[in-house]
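Engineer: Chains A and B, in that order, give the protein sequences. Under the numbering used here, the residues of the first sequence are numbered 12 to 493, in order. Under the numbering used here, the residues of the second sequence are numbered 48 to 297, in order. Glycine is no exception: its CB is placed at the ideal position from the N, C-alpha and C atoms. Pasting a structure below so you can have a look.
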Amino acid sequence: MANYTEDDLAKELKDQEYKFGFVSDIDTDTIPIGLNEDIVRLISSKKEEPQWMLDYRLNALAIWSTMKEPSWAHVKYKKPDFQAIAYYSAPKQTKKYESWDDVDPEMKATMTKLGISMVEQQRLTGVAVDFVMDSVSVATSFKEKLGELGIIFCSFSDAVQNHPELVKKYMGTVIPTQDNYYATLNAAVFTDGSFCYIPKGVRCPMELSTYFRINAGGTGQFERTLVIADEGSYVSYLEGCTAPQRDENQLHAAVVELIALENAEIKYSTVQNWYPGDKNGLGGIFNFVTKRGICEKNAKISWTQVETGSAVTWKYPSCILKGDNSVGEFYSVAVTNNYQQADTGTKMIHLGKNTKSTIISKGISAGKSQNSYRGLVQIHKNAHNARNFSQCDSLLMSSECGAHTFPYIECKNSTAKIEHEATTSKIGEDQLFYCKQRGISEEKAIGLIVNGYCKEVLNQLPMEFAVEAQKLLTISLEGSVG
Amino acid sequence: MITIKDLHASIEGKPILKGLNLTVKAGEVHAIMGPNGAGKSTLASVLAGREEYEITQGDINFNGVDLLSLSVEERAREGLFLAFQYPVEIPGVSNINFLRTALNEIREHKGEKGISAKDFMSLVREKSALVELDSKLSSRSVNEGFSGGEKKRNEIFQMAMLNPKLSILDETDSGLDIDALRIVANGVNQLKTDQNATIIITHYQRLLDYIIPDFVHVLYDGKIVKSGGKELALELEEKGYDWIKNNTPN
C-alpha cells in the first residue's frame with residue numbers, strides 16, 4: 012500500500028475538492044490479485060465460513076464465469092480487468108476486538124477524520140454504526156443495547172457465524188445469485204457488510220448506519236447488506252461511503268437486500284460520496300451496485316439516495332411490491348460534475364393489489380458529466396388498482412453536460428393508474444443574480460438554489476444526514492456554473 | 048449617496064447609456080422617467096452590477112467607494128438594493144431562509160453577528176405588516192406561485208428587511224392594480240428616512256402620485272435630457288414623450 016507522506020498531506024490540503032481523499036497507513040492483509048476458485052476458497056477460509064457458504068460462493072463463481080458484462084447503460088468506461096483486482100484486503104489485527112479500546116489507534120483516527128467517532132456517537136446522537144473498511148467490518152456500536160430488544164445488528168460475517176438460519180433463509184431471495192453480472196460477482200467474492208434483523212413488532216429506537224470506506228489500493232469493495240424487518244417492525248437504515256483519491260479506478264460492487272414482512276417498514280438512506288475522479292476524469296470509483304427490496308402485505312420500503320461521488324454510477328434501488336397494499340418509494344438526487352457519469356433510477360414491480368409506488372428523481376449535471384435516469388414501472392396482471400407516480404427533473408449547470416431520461420412502463424392491468432412528469436431546466440443566471448443582489452455570495456446562492464431544487468428528496472433524509480447531504484451538494488458543485 | 052459621472056454602457060457592443068450624470072443625496076427621492084428603450088432598466092442593471100453590460104466610460108461613487116470595482120454581492124452588502132421589475136422564482140427555497148441568508152451576509156459584512164431566530168421572526172412580522180404581506184407568503188418558496196402584485200410587495204418587504212442605503216425601484220408599478228400600487232407606495236414612504244435615498248424608475252407618472260419625488264429626471268437616448276421638480280412628471284404626462292423627442296437634437 013502507498014506510503015502517506017507529509018508531501019502527500021500538503022498536496023491534499025492544497026486540493027480541498029474531495030476532503031475524504033486521504034489514505035490511512037494501516038497494515039493490511041491483502042490476498043494476491045486474480046479471480047478463480049482458489050481465491051474464492053481462500054476468502055471463505057479467511058472468514059472461517061461454513062461449507063454451505065463456500066458452496067454458495069462457488070456456485071456464483073461458476074455462473075459468473077459464463078456471464079457477460081452488461082453494456083446497455085448510458086455510460087462509457089474502460090472495463091475493469093477482473094483478474095487485476097485483489098478481492099480481499101483487511102486491516103491487520105493481532106486479535107479480535109473485544110471492546111472499543113482494542114481498536115487500532117490509526118483506525119480510530121481514520122474514523123475521526125471521516126467524522127464518525129464511535130465513542131462520541133454513542134454518547135451524543137444515538138446512531139448505531141457499523142464501520143466497514145475495505146473487506147471487513149471493523150466495529151459495530153450499540154450492539155448490546157439493541158440486543159435487549161432482540162435486534163440483531165452486526166457485520167455480515169458475524170451473522171454467518173452466529174445467525175446462520177436467518178442468513179440461509181433470506182440471503183439471495185430478493186437478488187438471486189444469477190441476477191446480474193455484478194451481483195453474481197458479489198455473491199462469489201463478497202467479504203463483509205452489515206446484517207440487521209428487527210424482530211416482530213419492534214420499532215428500532217435509533218438509526219442504524221453503516222459507513223463504507225475503501226482504503227487499500229488495487230482492491231475492490233464487495234460488500235453485502237441484508238436487512239430483515241419482521242412482521243410489524245420498523246427500521247431506518249443509513250449508509251455512507253468514501254474512498255481515497257487515486258489515479259486508478261477502483262471497483263465497488265455491492266449487493267443490498269431488504270426484506271419487509273407483513274406490515275413492516277424499512278427506510279433506507281444512502282449518501283454516496285465515493286471518490287469521483289479528478290477534474291480531468293482520472294481515477295475514481297466504479298460504483299456498480301444492486302439494491303432491491305421485497306414488500307409483503309401492507310409493508311413499505313422507502314429508498315432515499317444522494318449520489319454525489321463515483322466516476323461511474325450504475326445503480327437502481329428497486330422494490331418488489333409482492334403483498335397487497337404494499338408501498339414502494341424512491342427519492343433520489345444524483346449530482347455529476349467534471350467527467351462523472353451516472354446511470355441511476357429504480358424499478359417498481361407491482362405484483363399485489365392496491366400497491367402504490369412513488370418515484371422522485373432529481374438529476375443535477377455540471378461540467379462535462381452525463382447524468383441519466385433509468386426507471387421501470389411494471390404492473391403485473393393481478394395488480395388491481397396499482398398506482399404509480401413518477402417525477403424526473405433534470406437541472407443543467409453547464410452547456411457541456413448531458414441529462415437523459417429513460418422511463419420504461421409495462422402495464423398488464425387496465426385498472427392501474429400511472430403518472431409520469433419530467434422537466435429539464437438550466438440553473439438560471441437570473442436566479443443567481445437575484446440572490447447576489449441581496450448580498451448572497453455565488454457559492455451560497457448555488458447552495459440555496461440546488462438545495463431548494465432537491466428539497467423533496469432531502470426532506471426524506473434523517474435530520475443529521477440531511478445537513479451533511481446539503482453541504483455535500485454545495486461542495487460537489489462549487490464553481491460549476493457556466 | 049451616489050454620484051454618477053459621464054456613464055457610458057453597452058450590451059453586445061451596442062451603446063445604451065451615453066454619458067449619464069446623476070447625483071442623489073441622502074434623504075432624497077429621485078424619479079427617472081423616459082420612453083421605452085431610453086436606457087432606464089439598463090441604468091438599474093448597471094448600478095446593481097449585471098455582468099452582461101460593459102462599462103466603456105465614466106465612474107460611480109457610492110458613499111465614498113468606487114461602485115464599479117465592486118461585485119454584485121459587495122454592492123448589495125454596501126447597501127444598494129434593486130427592487131426587480133420581474134422578480135424570479137426560486138423553487139424550494141423559503142422566503143424566510145432566503146432573507147435570513149441575505150441579512151446575515153450583510154451583517155457579517157458590517158462585522159455584526161448573525162441575527163437570532165427570535166429577533167429575525169419578530170422583524171419579519173413587523174416588516175411584512177408594512178406591505179400588508181400575508182405572513183404565510185414569507186414561509187412559501189421565493190416568489191413561487193405569487194401573483195404579480197404579491198411579487199412586487201415581496202420586493203418591498205425584502206427592502207424593508209435588508210434596510211438598504213440606496214433603493215432602486217425598477218418599474219415597480221408595472222402590472223399593479225390601484226390597491227397594490229397604494230400598498231407598495233405606502234411601504235416605500237414609511238421606509239424613507241434622512242439617511243437613505245430612493246431612485247424610482249418608471250414609465251408612467253401614476254406611481255408618483257403616491258411617492259412624491261424631490262427630483263424628476265427624463266432619460267432619453269442614454270442621457271438625462273431634462274431635470275426638474277415633481278411638476279415635471281405631470282408636464283411629461285400631459286405632453287407625452289414626443290415632447291422630449293422633438294426637443295432633443297440628435
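Output, in sequence order along the chain, the residues in the segment 455-487 of chain A whose CB is closer than 8 Å to any CB in chain B.
Structural biologist: Hits within the stretch, in order: Lys-455, Leu-459, Ile-460, Asn-462, Gly-463, Tyr-464, Cys-465, Lys-466 and Glu-467.
Engineer: Can you have a look at B:Leu-283 and say buried or exposed, based on whether 16 or more other CB atoms are within 10 angstroms of its CB?
Structural biologist: Per the 10 Å Cβ criterion, buried.
Engineer: Following the continuous beta strand (DSSP E) through A:Gly-463, name the residue where it begins and the one where it ends.
Structural biologist: Segment 453-464 is the alpha helix (DSSP H) holding A:Gly-463; no beta strand (DSSP E) there.
Engineer: For A:Gly-78 versus A:Val-171, is the C-beta spacing smaller than 8 Å?
Structural biologist: A quick correction: the sequence has Met, not Gly, at residue 78 of chain A. In this structure, A:Val-171 does not lie closer than 8 Å to A:Met-78 by Cβ.
Engineer: Name the residue from B:Ile-102, B:Thr-148 and B:Ile-291 whose alpha carbon lies nearest to the alpha carbon of B:Ala-123.
Structural biologist: Selected option, being the one with the closest Cα: B:Thr-148.
Engineer: Would B:Lys-174 be called buried (16 or more neighbouring beta carbons within 10 Å of its own) or exposed?
Structural biologist: So B:Lys-174 ends up on the buried side.
Engineer: Considering only C-alpha positions, which residue in the set A:Thr-221, A:Val-213 and A:Leu-262 is nearest to A:Cys-97?
Structural biologist: As written in the sequence, residue 97 of chain A is Ala, which differs from the Cys given in the question. It is A:Leu-262 whose Cα lies nearest to the Cα of A:Ala-97.
Engineer: Quick check on B:Ile-225: buried or exposed, where buried means 16 or more other Cβ atoms within 10 Å of its Cβ?
Structural biologist: B:Ile-225 comes out exposed.
Engineer: May I ask you to verify whether the segment 418-427 of chain A touches the segment 379-397 of chain A, counting CB pairs closer than 8 Å and requiring at least 3?
Structural biologist: Touching, per the Cβ criterion.
Engineer: Counting along the chain, where does the beta strand (DSSP E) carrying A:Gln-352 start and finish?
Structural biologist: That run of the beta strand (DSSP E) goes 352-361.
Engineer: Excluding five sequence neighbours on each side, which residues of the same chain lie with their C-beta closer than 6 Å to the C-beta of A:Ser-405?
Structural biologist: The answer, listed in chain order, is Gly-374, Ala-414 and Thr-435.
Engineer: Quick one: list the residues of chain A neighbouring B:Thr-148, beta-carbon separation under 7 Å, in chain order.
Structural biologist: Within 7 Å Cβ-Cβ: Ile-451, Lys-455 and Leu-459.
Engineer: Can you tell me whether DSSP reads A:Thr-485 as helix, strand or coil?
Structural biologist: It is helical.
Engineer: Got a sec: which bits of the segment 339-352 of chain A sit with their beta carbon under 9 Å from any beta carbon on chain B, in order along the chain?
Structural biologist: Answer in chain order: no residues at all.
Engineer: Check whether the segment 269-278 of chain B and the segment 55-72 of chain B touch, using three or more Cβ-Cβ pairs below 8 Å as the test.
Structural biologist: Yes: at least three Cβ pairs fall under 8 Å.
Engineer: Tell me, please, which residues DSSP counts as bridged to B:Val-265.
Structural biologist: B:Val-265 pairs with B:Met-80 and B:Lys-273.
Engineer: Using a Cβ-Cβ cutoff of 9 Å, what residues of the segment 427-441 of chain A are near chain B? List them in chain order.
Structural biologist: Result list: Gly-439, Glu-440 and Asp-441.
Engineer: Can you round the beta-carbon distance between A:Ala-271 and A:Val-300 to whole angstroms, since I take them to be within the 8 Å contact cut?
Structural biologist: Not really, about 19 Å apart at Cβ, beyond 8 Å.
Engineer: To the nearest angstrom, report how far apart A:Thr-505 and B:Asn-201 are at their CA atoms.
Structural biologist: Residue 505 of chain A is absent from the model: chain A starts at 12 and stops at 493.
Engineer: Between which residues of its own chain and A:Gly-304 is the CB-CB distance below 6 Å, once the five residues before and five after are set aside?
Structural biologist: The answer, listed in chain order, is Leu-269, Ile-312 and Cys-330.
Engineer: By how many angstroms is the C-alpha of A:Glu-440 removed from the C-alpha of B:Glu-285?
Structural biologist: Approximately 39 Å between the Cα atoms of the pair.
Engineer: Below 9 Å on C-beta distance, what does B:Ala-164 contact in chain A?
Structural biologist: Within chain A, no residue comes near B:Ala-164; the closest Cβ sits about 16 Å away, beyond 9 Å.
Engineer: Note down, in chain order, each residue of its chain lying with its Cβ closer than 8 Å to the Cβ of B:Phe-145, except the 5 sequence neighbours on either side.
Structural biologist: So the qualifying residues of the chain are Ile-137 and Val-189.
Engineer: With distance defined between alpha-carbon atoms, name the residue in B:His-250, B:Glu-120 and B:Gly-161 nearest to A:Tyr-445.
Structural biologist: Of the listed residues, the one whose Cα sits closest to A:Tyr-445 is B:Glu-120.
Engineer: Could you tell me how far apart the beta carbons of B:Asn-142 and B:Ser-185 are, in whole angstroms, since I believe they sit closer than 8 Å?
Structural biologist: Their Cβ separation, rounded to whole angstroms, is 5 Å, which keeps B:Asn-142 and B:Ser-185 in contact under 8 Å.
Engineer: Listed in chain order, which residues of the segment 151-184 of chain B have Cβ atoms closer than 8 Å to some Cβ of chain A?
Structural biologist: Hits within the stretch, in order: Glu-152, Ile-153 and His-156.
Engineer: So A:His-415 is in the beta strand (DSSP E); what residue range does that whole segment cover?
Structural biologist: Counting along the chain, the beta strand (DSSP E) containing A:His-415 begins and ends at 413-422.
Engineer: Is the segment 226-243 of chain B touching the segment 71-87 of chain B in the sense that three or more CB pairs, one from each, lie closer than 8 Å?
Structural biologist: Contact holds: three or more Cβ-Cβ distances are below 8 Å.
Engineer: Give the DSSP-derived three-state secondary structure of B:Pro-62 in the structure shown.
Structural biologist: It is a strand residue.
Engineer: Give the residues of chain A in contact with B:Val-299, contact being defined as C-beta atoms less than 7 Å apart.
Structural biologist: Absent from the model: residue 299 of chain B. The displayed extent of chain B is 48 to 297, so no value can be given.
Engineer: Would you kindly report the start and end of the unbroken beta strand (DSSP E) that includes B:Thr-103?
Structural biologist: Looking at the DSSP string, the run of the beta strand (DSSP E) that includes B:Thr-103 is 100-109.
Engineer: Tell me the DSSP secondary structure of A:Leu-332 in three-state form.
Structural biologist: Note: A:Leu-332 maps to strand in three-state DSSP.
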